[in-house]
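To start, the structure itself, in C-alpha cells.
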Amino acid sequence: MVKKSIAYRMLGIFILGAVIISAAITPSSAKPLTLKVAGISAPEYRGTKSLFAIKEVVEKETEGRIILDLFPANQLGDYTQVFEEIRRGTIEMGLIFLPSQFDLMLEVGSLPFLAGTGEGMQKQLSPGSVVYDIIEKSLEKLGVRLLRIYGDGFVGVGLAKEPANPLRAGMPKDAMIRVAPLAVYKETAEDLGFRTTSIPYADTYSAIQTGVCDGWIGGSSQINYLSFRDVIKFYVPYNSLFDQTAYIVGKKVWDQISEADQKVIVKAVNEQADKSFADSKAEDLEFQQKLADFGVRIISIPEKEMAELAETIRSTTWPKLEKTYGKETLDKIKESLQ
2 MVKKSIAYRM LGIFILGAVI ISAAITPSSA KPLTLKVAGI SAPEYRGTKS
52 LFAIKEVVEK ETEGRIILDL FPANQLGDYT QVFEEIRRGT IEMGLIFLPS
102 QFDLMLEVGS LPFLAGTGEG MQKQLSPGSV VYDIIEKSLE KLGVRLLRIY
152 GDGFVGVGLA KEPANPLRAG MPKDAMIRVA PLAVYKETAE DLGFRTTSIP
202 YADTYSAIQT GVCDGWIGGS SQINYLSFRD VIKFYVPYNS LFDQTAYIVG
252 KKVWDQISEA DQKVIVKAVN EQADKSFADS KAEDLEFQQK LADFGVRIIS
302 IPEKEMAELA ETIRSTTWPK LEKTYGKETL DKIKESLQ
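In my numbering, the protein residues as written are 2 to 339.
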C-alpha cells in the first residue's frame, strides 16, 4: 500500500513537472527573438519602407515571437560591414547590396542587358532562375541565406555635358564618367563609348561639380534626382544595368527560427520583393519627369536603338566578362535567356 502510494506521488510529480515544462516552452510564454535588421537607404526610400511593412506583418502573424528591430540609413555600418556582421551573427538580417569581394558570383545579377524590362528583370532575379540560383548558392557557402532580391530600378547615366553619339554603343561619347570598381560597370560603360574613372562614390558629386569627371553611371533616375540634380544637365536612361539589393539573414540565426515563423517571414518578404519590380518602373518614369521639370534634359532612346545597344553590349561586353565570372557560368545564363 505504501509502495503504491509512493508510486502515485512520483507519477503526480512527474506529470506536474511535464506540465510546467510544456507551459514554459509554449509560444505564448517563450521569450521573443529579436532580429536586428540593417538597411542602407534613407527612411523615406521605398526599400526602407518595405522593411517596415515586413516588420508589421511578421510581428503580427508570429504573435510577437519574432521582433524586427530596424536600423536604416547605414546606422549599423555600410553594406560591406553589415554583410560581415550578418555572417558572424552579430547582426541578424539586412536589406543591402551584396559585396562581391567575398565572391565575384554575387555580381552576376548586374550583368548588362540581362533583361530589357522590369518584368524580365523580375524573372531573372527571382527564385527559379539561373542567376538567382548562382547568387543563392554563393551566399549559402558564406553562411548567409538569401530571402529574396529587391528591385531598385534600371540604371542610367547622369551627365554635366551632352554626350556625343548617345544612341550608339561603341561610338565615343566625349565624356568621362565615374563607375563602381566592378568589372561589369567598367566594361559596360567603356563599350557604350565612355571613358571611365573609379573615384569613390562619396566624391562623385564634387567631382562632377568641379569637372574632374563629366558624370556617372550607377544610379536610377530617382537617385540622380535626389542626389545629383544640381550638378547634372543630361540624363540618358540606357537601362543597361539594374540596381538591386537583397534581403538576407544569417544562416545560424535562420535555423533557430521555427518552420512556421520562417514561412511568415518568407511570405512577407516575397510580397515586398514582387512589389519592388512593379514599383521600380513607375518610379523611374516619375523621377525622369521630375528631372525634366528641374531642367535636366532626358535623352530618350527609341526602342530600335535600345535593341541595337543591347545586342552590341551582349556580344561585346559579355565575352570580356568571361575572365571574371567564367565562360561556363555566362553560357548557362545566356541559354536561360533564350
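C-beta atoms are modelled at their ideal positions from N, C-alpha and C, and glycine is treated no differently. None of the values given here were measured: they were computed from a predicted structure.
Q. For Pro320, which of helix, strand or coil comes out of DSSP?
A. helix
Q. What did DSSP end up calling Ala24 once you bin it into helix, strand or coil?
A. Any reading at Ala24 is ruled out, since the residue's pLDDT is 40, under 50, leaving its predicted position unreliable.
Q | Through-space distance from Gly144 to Arg88, alpha-carbon basis | A | 6 angstroms
Q) Can you tell me the Cα-Cα spacing of Lys264 and Ala170, whole angstroms? A) 45 angstroms
Q.
Less than 8 angstroms between the beta carbons of Asp256 and Asp153, yes or no?
A. no
Q) Going by the beta-carbon positions, is the gap between Phe155 and Asn240 smaller than 8 angstroms? A) yes
Q | Where the beta strand (DSSP E) through Tyr151 begins and ends | A | 145-160
Q. What is the DSSP secondary structure of Lys174, counted as helix, strand or coil?
A. coil
Q: Compute the beta-carbon to beta-carbon distance between Gly216 and Leu160, rounded to the nearest angstrom, for a pair I have assumed lies under 8 angstroms.
A: 3 angstroms
Q: Could you say which of Pro100, Lys174, Ala54, Ser222 lies nearest to Lys282 if we only look at CA atoms?
A: Ser222
(Q) Applying the 10 Å Cβ sphere with the 16-neighbour rule, what's the burial state of Ala43? (A) exposed
(Q) Taking the beta carbon of Thr318 as the centre, do at least 16 other beta carbons fall within 10 Å, making it buried, or is it exposed? (A) buried
Q.
How far does the alpha helix (DSSP H) with Tyr133 in it extend, from its first residue to its last?
A. 131-142
Q.
What residue range does the beta strand (DSSP E) around Ala39 cover?
A. 34-40
Q: Use the C-beta contact count for Thr189: other C-beta atoms within 10 angstroms, 16 or more gives buried, fewer gives exposed.
A: buried
(Q) So, does the region 45-61 touch the region 264-278, judging by three or more C-beta pairs under 8 angstroms? (A) yes
Q: Assign Asn225 to one of three DSSP states: helix, strand, or coil.
A: helix
Q) Hey, is Phe235's beta-carbon within less than 8 angstroms of any beta-carbon in chain B? A) Note that chain B does not occur in the displayed structure, where there is just one protein chain.
Q) Near Lys174, which residues of its chain fall below 6 angstroms by C-beta distance, leaving aside the five closest residues on each side in sequence? A) Pro164, Ala165, Gly194, Phe195
Q) Can we say the region 123-138 touches the region 97-108, given the rule of at least three CB pairs closer than 8 angstroms? A) yes
Q: Pick helix, strand or coil for Ala269, following the three-state DSSP scheme.
A: helix
Q.
For Ser29, which residues in the same chain have their Cβ closer than 6 angstroms to its Cβ, ignoring the five residues on either side in sequence?
A. With a pLDDT of only 45 at Ser29, under 50, the local geometry of the prediction cannot be trusted, and no value is derived from it.
Q: Name, in chain order, the residues that DSSP records as bridge partners for Tyr248.
A: Leu96, Arg149
Q. For Asp231, does the three-state DSSP call read helix, strand or coil?
A. coil
Q. In three-state terms, what does DSSP make of Asp275?
A. helix
Q: Go through its chain and collect everything with a Cβ distance to Phe84's Cβ below 6 angstroms, but skip five positions before and after it.
A: Pro100
Q. In three-state DSSP terms, what is Leu69?
A. strand
Q. Is the beta carbon of Thr325 sitting closer than 8 angstroms to the one on Ala184?
A. yes
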